[in-house]
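Below is one structure, written out as structure tokens; comments come after it.
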Amino acid sequence: MIIDSHAHIAITKNVEESKQKLEEFKELMKINGIDKSVIMIDPYIEDISCKNNKNHRIAMFDGNKPGEILCKCMNCGLITYSGIDPYIKYNDILFELLKYEKNLYFYLLVSVTKTSMKWLIDYYLEKYGKLVKGIKAYTGLSGYNLDDVSSFVGKVPMLVHCGIFDNQNPSNMINFIKSYENYFQLAHFAALNIPAIKQMNHLDNTIIDIAPSKRIYDRYIKRPKNAIIFDIEKYASLDDLYTVILENVDITKVVWGSDYPFSSHSLELNAFTSSNVFTQGEKEKILCRNMKRVLNEKR
Ligand SMILES: [Zn+2]
Ligand SMILES: [Zn+2]
């Protein structure tokens with residue numbers, strides 16, 4: 008069995024179009040032999056992007072009231088959005104589409120803000136109940152670090168985007184993670200911040216995903232300045248990235264993911280399964296058994 012621990016569907020206001028994207032995704036799962044998948048919305052939405060240049064970097068802050076956010080362009084200083092968190096409507100659409108899907112796990116996408124984050128999670132859990140299988144805390148567009156957010160009870164597993172910027176650096180989330188009373192999945196090789204990885208490995212609740220290894224390697228080795236992992240130029244091959252994980256992380260803490268649509272199922276699966284870094288038994292754990300534990304799946 009294969010479980011994808013990290014995938015997105017680019018939900019838009021057009022429900023039919025969103026449904027179509029989900030159908031395509033399910034078809035790709037089938038073709039590639041993927042049995043189950045975690046799914047969340049794509050965080051890059053038009054509502055908050057900069058009107059001067061859609062490639063500008065956005066940072067989200069708390070708005071006037073809980074549940075409201077303020078987005079600012081980090082390049083030109085423009086306020087790009089202010090009001091009710093626009094992710095709510097996209098999470099709603101994805102929730103409706105996944106309600107009756109047994110093999111697709113609905114993860115909420117929530118931005119990291121100091122007060123709205125907790126408020127929104129409580130609001131969603133109340134609204135959707137047990138169908139919320141996890142939360143993706145999207146640090147990529149956050150104006151804060153997770154350690155700036157006061158801790159709260161973790162009712163479901165949390166997945167967090169990791170990278171080299173301060174708001175995504177695992178070193179700036181450690182206190183939050185320590186107090187989070189559920190599984191805590193750090194994405195993208197935890198940005199290969201080795202000292203942080205070693206520290207995370209000692210915590211009971213941490214999991215590290217290797218999504219999307221092939222894409223990270225191929226894309227950023229050529230453009231190390233834009234890389235989302237530290238010191239990418241130090242690694243001579245994709246196997247080097249896997250080796251760092253093998254040497255520093257307990258094998259029961261590692262999970263595989265595609266990060267679809269930012270990479271493809273086939274590309275990521277082929278790269279991982281054809282690597283000789285992990286034994287067959289280790290591969291089974293990474294592809295399935297470890298994530299089963301996080302999702303509390305018996306079957
Ligand atoms: Zn701008
Ligand atoms: Zn992702």
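Take the sequence shown: its position 110, counting from 1, is numbered 117 in the numbering used here, and each next residue is one higher.
Even for Gly, the Cβ is constructed at its ideal location relative to N, Cα and C.
Shortest gap from the CB of Phe191 to any heavy atom of ligand 2: 7 Å or more.
Judged by their CB atoms, Tyr107 and Ile52 are not nearer to each other than the 8 Å cut-off. A buried status is given to Thr146, since no fewer than 16 other beta-carbon atoms sit within 10 Å of its beta-carbon. Contact annotation: the segment 27-41 touches the segment 262-275, with at least three C-beta pairs closer than 8 Å. By the criterion of at least three beta-carbon pairs nearer than 8 Å, the segment 274-293 is not in contact with the segment 205-214.
Inside the segment 129-193, DSSP marks whole alpha helix (DSSP H) runs of 4 or more residues at positions 181-186, from first to last along the chain. Around the C-beta of Asp11, 16 or more other C-beta atoms lie within 10 Å, and the residue is accordingly described as buried. DSSP places Lys299 in the helix class (H, G or I) of the three-state scheme.
Taken atom to atom, the span from the alpha-carbon of Val117 to that of Gly141 is near 11 Å. For Tyr224, the enclosing alpha helix (DSSP H) starts and ends at Ser220 to Lys229.
Going by beta carbons, Tyr227 and Asn233 fall inside the 8 Å limit. Between the alpha carbons of Asp257 and Pro202 lies a distance of about 15 Å. With a threshold of 7 Å, the Cβ atom of Leu148 does not count as near ligand 1, since no heavy atom of the ligand is closer than that. Ile95 and Asn283 have their C-alpha atoms spaced approximately 42 Å apart.
Checking the DSSP bridge columns, you'll see Phe113 partnered with Ile46.
Pairing Pro231 with His195, the inter-Cα distance amounts to about 15 Å.
From the listed residues Asn82, Ile100, Cys83 and Leu77, the smallest Cα separation to Ser89 is found for Leu77. With fewer than 16 other CB atoms across the displayed protein chains lying within 10 angstroms of its CB, Val160 is exposed.
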